[in-house]
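First comes the structure, then the notes that go with it.
Protein chains: 2
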Amino acid sequence: MATSTREKIIQLGDDLLRRQGFNAFSYADISKPLQIKNAAVHYHFPSKQDLAFAIAQWHKDIFDRFSQKMATKEPKDRLKTFLNFYHSIHLSEKVDIISAFATDWYSLRPNVQTEVQEFTELVIEWLTELIQEGLDLGQFRKIQNTRTTALRVLSSIFASTQLVRITSDQDFTRVKNSILEELLN
Amino acid sequence: MATSTREKIIQLGDDLLRRQGFNAFSYADISKPLQIKNAAVHYHFPSKQDLAFAIAQWHKDIFDRFSQKMATKEPKDRLKTFLNFYHSIHLSEKVDIISAFATDWYSLRPNVQTEVQEFTELVIEWLTELIQEGLDLGQFRKIQNTRTTALRVLSSIFASTQLVRITSDQDFTRVKNSILEELLN
DNA sequence: TAATTTACTTATTTACTAGTAGGTTTACAA
DNA sequence: TTGTAAACCTACTAGTAAATAAGTAAATTA
Numbered sequence: 504m505a506t507s508t509r510e511k512i513i514q515l516g517d518d519l520l521r522r523q524g525f526n527a528f529s530y531a532d533i534s535k536p537l538q539i540k541n542a543a544v545h546y547h548f549p550s551k552q553d554l555a556f557a558i559a560q561w562h563k564d565i566f567d568r569f570s571q572k573m574a575t576k577e578p579k580d581r582l583k584t585f586l587n588f589y590h591s592i593h594l595s596e597k598v599d600i601i602s603a604f605a606t607d608w609y610s611l612r613p614n615v616q617t618e619v620q621e622f623t624e625l626v627i628e629w630l631t632e633l634i635q636e637g638l639d640l641g642q643f644r645k646i647q648n649t650r651t652t653a654l655r656v657l658s659s660i661f662a663s664t665q666l667v668r669i670t671s672d673q674d675f676t677r678v679k680n681s682i683l684e685e686l687l688n
Numbered sequence: 504m505a506t507s508t509r510e511k512i513i514q515l516g517d518d519l520l521r522r523q524g525f526n527a528f529s530y531a532d533i534s535k536p537l538q539i540k541n542a543a544v545h546y547h548f549p550s551k552q553d554l555a556f557a558i559a560q561w562h563k564d565i566f567d568r569f570s571q572k573m574a575t576k577e578p579k580d581r582l583k584t585f586l587n588f589y590h591s592i593h594l595s596e597k598v599d600i601i602s603a604f605a606t607d608w609y610s611l612r613p614n615v616q617t618e619v620q621e622f623t624e625l626v627i628e629w630l631t632e633l634i635q636e637g638l639d640l641g642q643f644r645k646i647q648n649t650r651t652t653a654l655r656v657l658s659s660i661f662a663s664t665q666l667v668r669i670t671s672d673q674d675f676t677r678v679k680n681s682i683l684e685e686l687l688n
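Chains as they are written, first to last, in my numbering: chain A, 504 to 688; chain B, 504 to 688.
In structure tokens:
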């Protein structure tokens, strides 16, 4: 199954958004590598905000499939997979999609903001449930309120993808391991 | 002592950088409110990168003064002041200067990157020392390696200033308190 | 007092930016 | 075979970006 142009635009847009930021890339940055014209991008996504919306939607879809695939695994492994996923983000010099959108929050149209909010809530809820299950099964150690713990895991990990751009690669691994140590019994 | 135009440009630039991102504001956004011409901004800062450099330097100066003023206080109070400082950032709809620079990292000139790196290392070291002192005095609880703890405090708190743009104000306070609870004996 | 420097302004350039109008090709359906 | 719609392209507009050149008024220095 060949990837459609529309799909390619979304993927490249996502890449640029998370590597450079929403206001730092242009339609030309998309059309050139794909060897199509600027107007072709506008054909699929009339405005840049429409593209942003599609990217947010795309992430919701991906996360949906991810969480379904993970549903059968136990909390500990789910958490590890989640953290490893962020590790790969960091290695590709990108940042997390949530923080990418957060940075450019005030340049996003309301419907894009709503989409991002829904995606974020999805992730937080998924993490909250994961932690609750981990606690119930005795795999995790109780620290605080589960949502707070979820928020701290999420913010720690995604801040790290940013912070290590400035400091060093080692610091990411350090934080990642510390999250695991903190939670695991 | 009246604030010089140069100083005003830096302050407004900092504000815009942290509210909208480096690539989302223009020289016009600075010249208009200050009621000067675009070229006047270029007089003080020939290129936008020069402005970015000055903003990074400015933060180093501020942090220097801050840490000197805090030197006599005890670790617990220093940490609280630090967290409250970030709370005020969050309330003003800005993000932390480190994450603002991190987001636009790849659009920064090498000398700006170096300046930001130095500032970040300053903050991490300050936090690391604070934690070490707190441990020595028995005010803090040992969790991990002190640098790791410092990294986690920093990343948790600054990710929160971004995350709460998307979720809710409450979530910031939640994270802030959890950091304190985790460390304090 | 003359020379110089600081802190600007006016006016302009070059290079993009997102976005659009209208024409063309291709594929598929009636 | 004709009609139609999807997926482009060519060519363009209007606006904005950073940056610069040249000039000026006021303050500072020699």
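Here a beta-carbon is modelled for each residue, glycine too, at the ideal position from N, C-alpha and C.
| query | result |
| --- | --- |
| Verify whether the separation of the beta carbon atoms of valine 656(B) and histidine 593(B) is less than 8 Å. | no |
| Since valine 598(A) meets chain B, which of its residues come closer than 8 Å, beta carbon to beta carbon? | Ala605, Thr606 |
| Could you work out which residues of chain A lie near glutamine 524(B), taking near to mean beta carbons separated by less than 7 Å? | With the sequence shown as reference, residue 524(B) is identified as glycine, and glutamine is not the correct amino acid for it. Chain A residues near glycine 524(B): Gly524, Asn526, Thr606, Asp607. |
| Once you ignore the five residues that flank tryptophan 665(B) on each side, which residues in its own chain have a CB closer than 7 Å to its CB? | Sequence check: residue 665(B) is glutamine here, not tryptophan. Excluding residues within five positions, the ones whose Cβ falls inside 7 Å are Val598, Ser602. |
| List the DSSP bridge partners of leucine 687(A). | Phe643(A) |
| Taking the alpha carbon of serine 610(A) as the reference point, which residue from Leu640(B), Asn526(B), Ser663(B), Asn648(B) has its own alpha carbon closest? | Asn526(B) |
| Quick check on DSSP: helix, strand or coil for glutamate 624(A)? | helix |
| So, is the C-beta of arginine 612(B) closer than 8 Å to a C-beta in chain A? | no |
| Nearest chain A C-beta to phenylalanine 588(B) closer than 8 Å, yes or no? | no |
| Taking DSSP as the reference, what is the three-state secondary structure of methionine 504(A)? | With a pLDDT of 49 at methionine 504(A), under the threshold of 50, the modelled position of that residue is not reliable, and no figure is offered here. |
| So, is valine 678(A) buried or exposed, given that buried needs 16 or more other C-beta atoms within 10 angstroms? | buried |
| Can you give me the C-alpha to C-alpha distance between arginine 650(B) and asparagine 541(B), rounded to a whole angstrom? | 44 Å |
| If you pair each beta-carbon of the region 551–560 of chain A with each one of the region 510–525 of chain A, do three or more pairs fall below 8 Å? | yes |
| If you draw a straight line from the alpha carbon of isoleucine 660(A) to that of serine 570(A), how long is it in whole angstroms? | 18 Å |
| So that I know if they touch, is there some Cβ in chain A lying closer than 8 Å to that of alanine 601(B)? | It is worth fixing the name first, because residue 601(B) is isoleucine in this sequence and not alanine. Cβ-Cβ to chain A under 8 Å: yes for isoleucine 601(B). |
| Is phenylalanine 661(A) close to chain B, meaning its C-beta is less than 8 Å from at least one C-beta of that chain? | yes |
| Can you check the region 526–566 of chain A for any alpha helix (DSSP H) of at least 4 residues that lies completely inside it and give the ranges in chain order? | 530–537, 541–547 |
| When we look at the beta-carbon of alanine 662(B) and count the other beta-carbons within 10 Å, is it buried (16 or more) or exposed? | buried |
| What residues of chain B sit near glutamate 577(A), judged by a beta carbon separation below 8 Å? | What glutamate 577(A) touches in chain B: nothing, since even the nearest Cβ is about 25 Å away. |
| Pick out whichever of Glu684(B), Ser591(B), Thr670(B) has its Cα sitting closest to the Cα of glutamine 642(B). | Glu684(B) |
| Ends of the alpha helix (DSSP H) at serine 591(A)? | 578–594 |
| Just to confirm, is the Cβ distance from isoleucine 627(B) to leucine 654(B) under 8 Å? | yes |
| What's the call for proline 578(A), buried or exposed, on a 16-neighbour Cβ count within 10 Å? | buried |
| Mind pulling the chain B residues with CB within less than 8 Å of glutamate 684(A)? | Gln647 |
| Could you name the residues of the same chain whose beta carbon sits closer than 8 Å to that of serine 534(A), not counting the 5 residues immediately before and after it, in chain order? | Lys540, Asn541, Ala543, Val544 |
| Is it the case that the Cβ atoms of lysine 563(B) and leucine 625(B) are separated by a distance below 8 Å? | yes |
| I'd like the span of the alpha helix (DSSP H) that includes arginine 655(B), first residue to last. | 649–669 |
| With a 10 Å radius around its C-beta and 16 neighbouring C-beta atoms as the bar for buried, classify serine 595(A) as buried or exposed. | exposed |
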